[in-house]
Amino acid sequence: MKICITRATEGDARPLTAVSRQAFDHDIHYGAPQVGGPPGYDVVNWQLRTILTCDTYKIEDENGRLLGGAIVYPKGYRHMELGRIYLLPDCQNQGIGAQAIRLLEETYPDTDLWTLDTPAWNTRNRHFYEKMGYRLTGEEGHGGVWYAKQMVR
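Under the working numbering, think of the first position of the sequence shown as 1, with each following residue one higher.
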């Protein structure tokens, strides 16, 4: 399936929140200690705030079906952070996430360093990020782990 990423607008806040809720709540099937997700994952106003203040993207198929979303933060000179990426449960494990990350990386061609964090318990995410070239760089105090990817040009 071919996908595209486009910047989210204010009108995307509600549908992105619905997709985010489904995606993160589905993690209960992959080792999450309880249903839930990162802060604001199920709050429309939080999603709206990120759309207005961050680089927030919607992930769609070629027919315009909303499959997921991503939030990217500038962290410094040539350094971007993948703050969040999520897909509908029926779109996971099909290569869509890999396409989305590649498209995000291509959107910021001057970026030398990408970073992200993910829950330590989520071995599925960790394997995925490592497959995408991210390397474990440390642990957070609240049960998360940090990853980084140095871009080669």
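Think of the CB as a built atom: it goes at the ideal place given N, C-alpha and C, for glycine as much as any other residue.
Please report how far the alpha carbon of TYR129 lies from the alpha carbon of TYR147, in whole angstroms. As a working mapping, residue 129 is identified with position 129 in the sequence shown. As a working mapping, residue 147 is identified with position 147 in the sequence shown. Those two C-alpha atoms are separated by around 8 Å.
Check each candidate in ASN122, GLU10, ASP110 and name the one with the smallest Cα separation from PRO52. Here the question's residue 52 lines up with position 52 in the sequence shown. For the sequence presented, residue 52 should be read as Leu rather than Pro. Out of ASN122, GLU10, ASP110, GLU10 has the C-alpha closest to the C-alpha of LEU52.
Cβ neighbours of PRO15 in the same chain (closer than 6 Å, five flanking residues each side left out): Along the sequence shown, one-based indexing puts residue 15 at 15. Result list for PRO15: LEU66, in chain order.
Quick one: using the 10 Å Cβ neighbour count with 16 as the cut-off for buried, is ASN93 buried or exposed? Looking up residue 93 in the sequence shown gives position 93. Burial call: exposed.
Is it right to say ARG78 is buried, meaning 16 or more other beta carbons lie within 10 angstroms of its own, or is it exposed? Your numbering for residue 78 matches position 78 in the sequence shown. So ARG78 counts as exposed.
Only counting the same chain, and skipping five residues up and downstream in sequence, which positions put a Cβ closer than 8 Å to that of TYR73? Numbered from its first residue, the sequence shown carries residue 73 at position 73. Result list for TYR73: CYS54, ASP55, MET80, GLU81, GLY83, in chain order.
ARG135 versus ARG153: straight-line alpha-carbon distance, rounded: Sequence index remark: in the sequence shown, residue 135 carries index 135 (1-based). Sequence index remark: in the sequence shown, residue 153 carries index 153 (1-based). Computed Cα separation, rounded: 18 Å.
Can the beta-carbon of VAL44 be found closer than 7 Å to that of THR17? For the purposes of this step, residue 44 is identified with residue 44 of the sequence shown, where counting begins at 1. For the purposes of this step, residue 17 is identified with residue 17 of the sequence shown, where counting begins at 1. Against a cut-off of 7 Å, the Cβ pair of THR17 and VAL44 comes out as a contact.
The beta strand (DSSP E) spanning ALA148 covers which residue range? Locating residue 148 in the sequence shown gives position 148, counting from the first residue. Its beta strand (DSSP E) spans residues 144-150.
Which residues in the same chain as LYS2 place their Cβ atom closer than 6 Å to its Cβ, once the five residues preceding and following it in sequence are excluded? One-based indexing of the sequence shown puts residue 2 at position 2. So the qualifying residues of the chain are GLU62.
Could you check if GLN150 is buried or exposed, using at least 16 other CB atoms within 10 Å of its CB as the buried criterion? For the purposes of this step, residue 150 is taken as residue 150 along the sequence shown, with counting starting at 1. So GLN150 counts as exposed.
If we require 3 or more residues per run, which beta strand (DSSP E) segments fall completely within the region 14-65? 55-61
List the whole-angstrom C-beta distance separating LEU116 from VAL19, where the pair is believed to meet the contact cut-off of C-beta under 8 Å. Within the sequence shown, residue 116 is the residue found at index 116, counting from 1. Within the sequence shown, residue 19 is the residue found at index 19, counting from 1. Their Cβ separation, rounded to whole angstroms, is 19 Å, which puts LEU116 and VAL19 out of contact at 8 Å.
Can you have a look at ASP90 and say buried or exposed, based on whether 16 or more other CB atoms are within 10 angstroms of its CB? Indexing the sequence shown from 1 puts residue 90 at position 90. That one is exposed.
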